[in-house]
Structures are given as structure tokens and as C-alpha cells.
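Only one structure is covered here, and it is reproduced in the block below.
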Amino acid sequence: MTSLAHLPPLRDVIARFDLGARKALGQHFLLDLNLTARVAAAAGDLAGVTVIEVGPGPGGLTRALVESDAKAVVAVERDSRFVAALADVVEAAAGRLTIVEGDALEVDMTAIAPAPRAIVANLPYNVGTPMLVGWLRQIQEFRSLTLMFQKEVVDRIVARPRTKDYGRLAVMSQWLADARLVFDIPPQAFSPPPKVMSAVVHITPRALPADAPSFKDMERVVAAAFNQRRKMLRAGLKGLVAQPEPLLEAAGILPTSRAEEVDVAGFVRLTHAWRAHQDSRRD
Numbered sequence: 037m038t039s040l041a042h043l044p045p046l047r048d049v050i051a052r053f054d055l056g057a058r059k060a061l062g063q064h065f066l067l068d069l070n071l072t073a074r075v076a077a078a079a080g081d082l083a084g085v086t087v088i089e090v091g092p093g094p095g096g097l098t099r100a101l102v103e104s105d106a107k108a109v110v111a112v113e114r115d116s117r118f119v120a121a122l123a124d125v126v127e128a129a130a131g132r133l134t135i136v137e138g139d140a141l142e143v144d145m146t147a148i149a150p151a152p153r154a155i156v157a158n159l160p161y162n163v164g165t166p167m168l169v170g171w172l173r174q175i176q177e178f179r180s181l182t183l184m185f186q187k188e189v190v191d192r193i194v195a196r197p198r199t200k201d202y203g204r205l206a207v208m209s210q211w212l213a214d215a216r217l218v219f220d221i222p223p224q225a226f227s228p229p230p231k232v233m234s235a236v237v238h239i240t241p242r243a244l245p246a247d248a249p250s251f252k253d254m255e256r257v258v259a260a261a262f263n264q265r266r267k268m269l270r271a272g273l274k275g276l277v278a279q280p281e282p283l284l285e286a287a288g289i290l291p292t293s294r295a296e297e298v299d300v301a302g303f304v305r306l307t308h309a310w311r312a313h314q315d316s317r318r319d
């Protein structure tokens, strides 16, 4: 385990390199090293795992990850200002930290880190959700995802049916993985403080049966279902099929149900029914 206690405080690094947070990039820096250590610990046992961090910024969480038992850390940073600022951490890490300059929305995480791999990151507020959806598409490639979002996003990831936060993100996340809220982080822990609470969520992939729907099919059906969430489910499904009732019946879902009342297993059955309907039209 590497100790980085000799490195200068993060506020000194920010001042030295003039690293003001950029609102356009959704940057909010977590400077409390006790909290960054908690985030790293939330990822669980990292022995033998290559950890990918997105948006290391001045390096608070990066330091915690380097000090963990991770095999190696790969940090993806879009803002070139921080590459120079992280040089001291790279040197102290003695070969266990690599910085990749690039946009995390475009970087193939499986290409920059060998398996087993995990992602641990304080995600930029403005692109965190698209990043998660992209990683869910290949969730089996990761040991786990330990991610910091706005609290409202985490609430949407872990939401249960029949709640206001239950929607597309909850269904897709919980279909593919187990997701749990780890802890909340108040605005004053960040610099600059965001206007909202933040939270950490830990996501671990679940094994899917061999006959599981494709991601593309499931995503399409779930999106249609929640397109008109205040109406009955059949209204949203009319964007997919002219007569949704037979699909709902095949899936064992009442035609008067709303999307928010259907659990993940129900959406899996509905997607199977829709796929069978599409295949039958080709025959």
C-alpha cells in the first residue's frame, strides 16, 4: 500500500496551478480526504483490480485510490489543466497511476484497463447519467461501479416501483445490477459547493439468464413505457405497437397499469412479448 501523506494539501495544489472549477464541465471538487477515503472504501476489496477514475480533478479521490489495495489506477481526465497538477501523485504512485487524457463519454474503458476492472468516480454533474447508461451496456466487463452523483440521480437509480423516482434509470440499472445507496455527501464538502446534495451508489453486475432480452430491446420498451408515465401503460406502448393489449396480457400485466407500477421482472416479460411480436411479423 502506498502512502501519499507527504503530498501538499489539495487546496495548495489548486492555488499553485490555478485550478478553478469550470461550471461548463460540471466540476465540483471533493477536498476532504476523509470523505475521499470513504468513497474508495465503498468500492470494497480492490486487491488485484485495476480501478478507473473519471474526472480526477486535483486528485483527492485519486490519492485515496492509489493508497488502496488496487492493483493500479487509470484516471481519465478531459481538462488538460489537471494533468500537470497530478504529476506529483503519478510520481509518488511509482507506476501504479496512469493518466489518460480524453472525454470519458468517448473512451472505451475496457481498452484502457485490463480485467478485473472497476470504476470509482466523482462524476461531473452534467454528464454523469449518460456515462452510467453507457457503462450499463457493458456492465459485465466491470467488477463494480462506485459512483458519486447528485442525490436525485442516485434516488432514481435505486428507486422501487410505485415511487415518484422509479423510471427508466431504475429499471435498466436494477435489471442488470444490484444498486445500493452507500452514503450522502452535503454540498459544503465540495469546492465550489453545488446547490444540491450528492450521494454515492455502489453497483455490482448480476448474472442474467441465457434468454435475457437484448439491452437494445429492453431499453426501447422501457423508454416507450415511461414516455407517458402519467397515463396507462398501453398509451406509451402505442409508440411501439398499434395494439398493446395482447403484449400486456402475454406479460401478465393489467392493461390499466401505469409504467411506475411494473417491476423489473414485468418489464423483462413485456420485452420478451414485444420481441416475439416483432419476430412473428417477419415470418
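The sequence shown begins at 37 in the numbering used here and counts up one residue at a time. Backbone N, C-alpha and C define an ideal beta-carbon position, used for all residues, glycine too. Since the structure is predicted, the reported quantities are computational estimates derived from the model, not experimental observations.
Q | Residue span of the beta strand (DSSP E) that contains residue 186, given as start and end | A | Start and end: 180–186.
Q | Sequence-distant residues of its chain with Cβ nearer than 7 Å to residue 201 (five each side left out) | A | Cβ neighbours of residue 201 beyond the five flanking positions: 191, 192, 195.
**Q.** Collapsed DSSP secondary structure at residue 292 in the structure displayed
**A.** In the three-state scheme derived from DSSP, where H, G and I count as helix and E and B as strand, residue 292 is classed as coil.
Q. Count the other CB atoms within 10 Å of the CB of residue 274; is the residue buried (16 or more) or exposed (fewer)?
A. Residue 274 counts as exposed, since fewer than 16 other C-beta atoms from the protein chains shown sit within 10 angstroms of its C-beta.
Q. Would you call residue 185 buried or exposed, if buried means 16 or more other Cβ atoms sit within 10 Å of its Cβ?
A. By the neighbour-count rule (16 or more Cβ atoms within 10 Å), residue 185 is buried.
Q) In this structure, does DSSP put residue 233 in helix, strand or coil? A) Residue 233 falls in the coil class under three-state DSSP.
Q) How should residue 104 be labelled, buried or exposed, when 16 other C-beta atoms within 10 angstroms of its C-beta is the threshold for buried? A) That one is buried.
Q: List the whole-angstrom C-beta distance separating residue 97 from residue 158, where the pair is believed to meet the contact cut-off of C-beta under 8 Å.
A: Indeed they touch by this definition, with Cβ atoms about 6 Å apart.
Q) Which residue's Cα is closest to the Cα of residue 83: 227, 226, 152? A) Per the Cα distances, 152.
Q: Return the Cβ separation of residue 112 and residue 138 in integer angstroms, given the expectation that the two are a contact with Cβ distance under 8 Å.
A: With a Cβ gap of about 6 Å, residue 112 and residue 138 count as contacting.
Q: On a CA-only basis, which of 239, 68, 198, 70 is nearest residue 266? Give me that one, please.
A: With distances taken between Cα atoms, residue 266 lies closest to 198.
(Q) Report the CB separation of residue 303 from residue 207 in whole angstroms; it is logged as a contact under 8 Å. (A) Going by Cβ atoms, the distance from residue 303 to residue 207 rounds to 5 Å, so yes, they are a contact pair.
Q. Does the segment 41–58 come close enough to the segment 117–124 to have 3 or more Cβ pairs within less than 8 Å?
A. Three or more pairs of CB atoms, one per stretch, sit closer than 8 Å, so the segment 41–58 contacts the segment 117–124.
Q) In this structure, does DSSP put residue 209 in helix, strand or coil? A) Residue 209 falls in the helix class under three-state DSSP.
Q. Helix, strand or coil: how does DSSP classify residue 306 here?
A. If DSSP states are grouped into helix, strand and coil, residue 306 belongs with the helices.
Q. Excluding the five sequence neighbours on either side, which residues of its own chain have a C-beta within less than 7 Å of the C-beta of residue 222, listed in chain order?
A. Cβ within range, chain order: 233.
Q) Taking the alpha carbon of residue 204 as the point to measure from, which residue in 216, 247, 262, 311 has its own alpha carbon closest? A) When only C-alpha atoms are compared, the closest one is 262.
(Q) Does residue 259 come out as helix, strand or coil in the three-state DSSP assignment? (A) Of the three classes helix, strand and coil, the one that applies to residue 259 here is helix, per DSSP.
Q: Quick one: using the 10 Å Cβ neighbour count with 16 as the cut-off for buried, is residue 219 buried or exposed?
A: Within a 10 Å sphere around the beta-carbon of residue 219 sit fewer than 16 other beta-carbons, which makes this residue exposed.
Q | Minimum C-alpha distance to residue 255 - residue among 172, 229, 178, 95 | A | Taking only the C-alpha atoms, the option nearest residue 255 is 172.
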